[in-house]
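Everything on this sheet refers to the single structure shown next.
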Amino acid sequence: MGGRVALGVLGVVIPVYNEGDWIRRSLAALRVAATRASWPLEIVVVDDGSTDETVAILDGLAEGIHLVRQENQGRFAARLAGLRALRARYVLLLDSRVLLDPDALVTLKARVTEDESSAWNAHVNVATAGNPWAAFWSGLTKVGWRRYFANPRRVSFGPTDFNAYPKGTGAFAAPTQVILAAAAGFSSLFADQRLASDDTKLLRNVAAATPINIDPGFSCLYFGRDSFQRWARQSYFRGTTFVDGYVGTRRNAALVLAGVAALGVTGGWLAIRRPAVVGGLAAAGVAGAAAATRLSGGDGRETTAVAGLLVPFAAVFGAGFVRGLVLALRS
Numbered sequence: 000m001g002g003r004v005a006l007g008v009l010g011v012v013i014p015v016y017n018e019g020d021w022i023r024r025s026l027a028a029l030r031v032a033a034t035r036a037s038w039p040l041e042i043v044v045v046d047d048g049s050t051d052e053t054v055a056i057l058d059g060l061a062e063g064i065h066l067v068r069q070e071n072q073g074r075f076a077a078r079l080a081g082l083r084a085l086r087a088r089y090v091l092l093l094d095s096r097v098l099l100d101p102d103a104l105v106t107l108k109a110r111v112t113e114d115e116s117s118a119w120n121a122h123v124n125v126a127t128a129g130n131p132w133a134a135f136w137s138g139l140t141k142v143g144w145r146r147y148f149a150n151p152r153r154v155s156f157g158p159t160d161f162n163a164y165p166k167g168t169g170a171f172a173a174p175t176q177v178i179l180a181a182a183a184g185f186s187s188l189f190a191d192q193r194l195a196s197d198d199t200k201l202l203r204n205v206a207a208a209t210p211i212n213i214d215p216g217f218s219c220l221y222f223g224r225d226s227f228q229r230w231a232r233q234s235y236f237r238g239t240t241f242v243d244g245y246v247g248t249r250r251n252a253a254l255v256l257a258g259v260a261a262l263g264v265t266g267g268w269l270a271i272r273r274p275a276v277v278g279g280l281a282a283a284g285v286a287g288a289a290a291a292t293r294l295s296g297g298d299g300r301e302t303t304a305v306a307g308l309l310v311p312f313a314a315v316f317g318a319g320f321v322r323g324l325v326l327a328l329r330s
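Each residue of the sequence shown is one higher than the one before, starting from 0 at the first, in numbering that gives the first Met the number 0.
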């Protein structure tokens, strides 16, 4: 539906699992942005089986939100439960570690007023000061999506250039029915839906129905994991979900696993017989990744983090990737 429209309530769905006080901060930033935009909210928070202080924090925040509680089923199931509880026609999917910038909803409201059928991914900045683990992920995404991050601007993309641009369900807005339809067409390679690629596969379905837009004015700040242990767990998990999001089919998983096995045998032989060659290749890879980060718009923190953490990341992410391939074949 093109042309200017009169907007109603903005629905917001936030899944939460053991995030502690982050949900309080996320809601506070959301309300500031909504006030700036004069946009009334319908907020649904889904507690996906939290077992820590998050439970009590949510009890204290219950006024002004619709709180849904369920056993731990993963982010996809949590978001879907929130969408089904929502009445608003237009929805913002938001993560609890994401703080909207004060004028983010001013921009989003203006864009959606022009076209209520449009879908928008937020421009995500990452809080990297004092956090090399978050700086690593920020640098890595700038390399992967350098077409945008080297020159942030208003852009649109669809199925053919889907992989070239940043997207994720941590801060994503679209008509509620568009996301519900995308969820209805969602399938995972894994029997355990908690391991499903809850953003990439879902948003591929959205992009098939309507272009996804990015506007740097619709922006937010993401706070990543802040210790090596948490970063490693996240890297392992993302290695597994990467299989679900990008490998595609069980046949592909079998072929990739065979290739990985062959590569592992070759790499093991080289490590034993030609350790200097392996060391040289690793050093070249680190230097190349650091240079690519810088050329893709990464700052000094991000470049340093990528250089320092690339080797442990490759090991941990790779282990998670192999786990994903095996699980895909077992499902």
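Think of the CB as a built atom: it goes at the ideal place given N, C-alpha and C, for glycine as much as any other residue.
All figures in this text were calculated on a predicted structure; none of them were measured in a lab.
query, result
"Beta strand (DSSP E) runs wholly inside the segment 79-108, at least 3 long, in chain order", "89-93, 97-99"
"At least three beta-carbon pairs within less than 8 angstroms, the segment 104-112 to the segment 272-287", "no"
"Straight-line gap, Val-264 to Tyr-245 (C-alpha atoms, nearest Å)", "24 angstroms"
"Cα-Cα separation between Pro-311 and Ala-126, rounded to whole angstroms", "21 angstroms"
"Limits of the unbroken alpha helix (DSSP H) element including Ala-206", "199-208"
"Helix, strand or coil at Val-123 according to DSSP, with G and I counted as helix", "strand"
"Euclidean distance between Cα positions of Gly-2 and Ser-117", "Interpretation of Gly-2 is limited by its pLDDT of 44, a score under 50 that renders its predicted location unreliable; no figure is taken from the coordinates."
"Length of the line joining the Cα atoms of Gly-258 and Val-321", "11 angstroms"
"Meets three-Cβ-pair contact criterion under 8 angstroms: the segment 62-71 and the segment 87-102", "no"
"Three-state secondary structure assigned by DSSP to Val-8", "coil"
"Cβ pair Thr-185, Asn-120 closer than 9 angstroms", "The question names Thr, but residue 185 in the sequence shown is Phe. It is not a contact, given that the beta carbons lie outside the stated cut-off."
"Cβ neighbour criterion (16 or more within 10 Å) applied to Thr-106", "buried"
"Supposed contact pair Ala-306 and Ala-289 - C-beta distance, whole angstroms, cut 8 angstroms", "4 angstroms"
"Proximity below 9 angstroms, CB of Val-15 to CB of Ser-95", "yes"
"Cβ pair Gly-138, Thr-302 closer than 9 angstroms", "yes"
"Asn-150 (DSSP reduced to helix, strand or coil)", "coil"
"Spatial distance of Gly-10 from Ile-42 (CA atoms)", "6 angstroms"
"beta-carbon Arg-110 near the ligand PLP non-hydrogen atom, thresh 8 angstroms", "Absence of the ligand PLP from the depicted structure is noted, as is the absence of any ligand whatsoever, leaving it without description."
"Range of the contiguous alpha helix (DSSP H) that encloses Glu-301", "299-329"
"Ser-218, buried or exposed, once every other Cβ within 10 Å from all chains shown has been counted against 16", "buried"
"Residue-level contact to chain D via CB, Arg-110, 9 angstroms cutoff", "As a matter of chain content, chain D is missing from the structure shown, which is built from one protein chain."
"Range of the contiguous beta strand (DSSP E) that encloses Arg-224", "Counting along the chain, Arg-224 falls outside any beta strand (DSSP E), and DSSP gives it neither H nor E."
"Proximity winner among Ala-77, Leu-324, Ala-286, Leu-269, relative to Thr-168 (alpha-carbon distances)", "Ala-77"
"Within 9 angstroms, strictly: CB atoms of Asp-47 and Arg-74", "yes"
"Pick from Ala-134, Thr-53, Ser-37 that is closest to Ala-103, judged by C-alpha positions", "Ser-37"
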